[in-house]
Amino acid sequence: MPLEIDGASGMTRNVSATGVYFETTAEQVPGSRVHFVVEVTVKGERLKMVCAGDVVRVDRKPGAVGIAVKLSSSFFIDTDHSEDPFDQLDD
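So in the numbering used here, spot 47 of the sequence shown is number 47, and the numbers just go up one at a time.
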């Protein structure tokens, strides 16, 4: 599923109830707090999953970075949501 982090795009590779692993060009450091948005389709409806979490692993790859994040907060919004969704996160 496509995602956006720090103005860069990426692609999820694994999603679980407690974490997300994705590849992107946005450099991150283990232990840092990140916010990102994953585009999902639920029952035919396109939604955005707004996420916050801590980077637990960084895998350097040619042309990309693999990032494992332990989620601390996430929620869904409509794709046409106009307010900053990160204001609603519990950090």
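We put the beta carbon where it would ideally sit given N, CA and C, even for glycine.
Fair warning: this is a prediction, and the values are worked out from it, not measured in the lab.
Asked, Found
"For ARG60, which residues does DSSP report across the bridge?", "VAL65"
"Express the C-alpha separation of ASP78 and LYS43 in angstroms, rounding to a whole number.", "13 Å"
"How big is the Cα-Cα spacing for SER73 and ALA64?", "25 Å"
"In terms of residues, what are the limits of the beta strand (DSSP E) holding GLU23?", "19 to 24"
"Tell me which same chain residues have a C-beta within less than 7 Å of the C-beta of LEU71, skipping the five on either side of it?", "THR18, GLY19, VAL20, CYS51, GLY53"
"Please return the same chain residues whose Cβ sits closer than 7 Å to the Cβ of ILE5, not counting the five positions on each side in sequence.", "THR24, ALA26, VAL34, PHE36"
"Which term fits MET11, buried or exposed, when burial requires 16 or more other beta carbons within 10 angstroms of its beta carbon?", "exposed"
"Looking at the structure shown, is GLY10 part of a helix, part of a strand, or coil, going by DSSP?", "strand"
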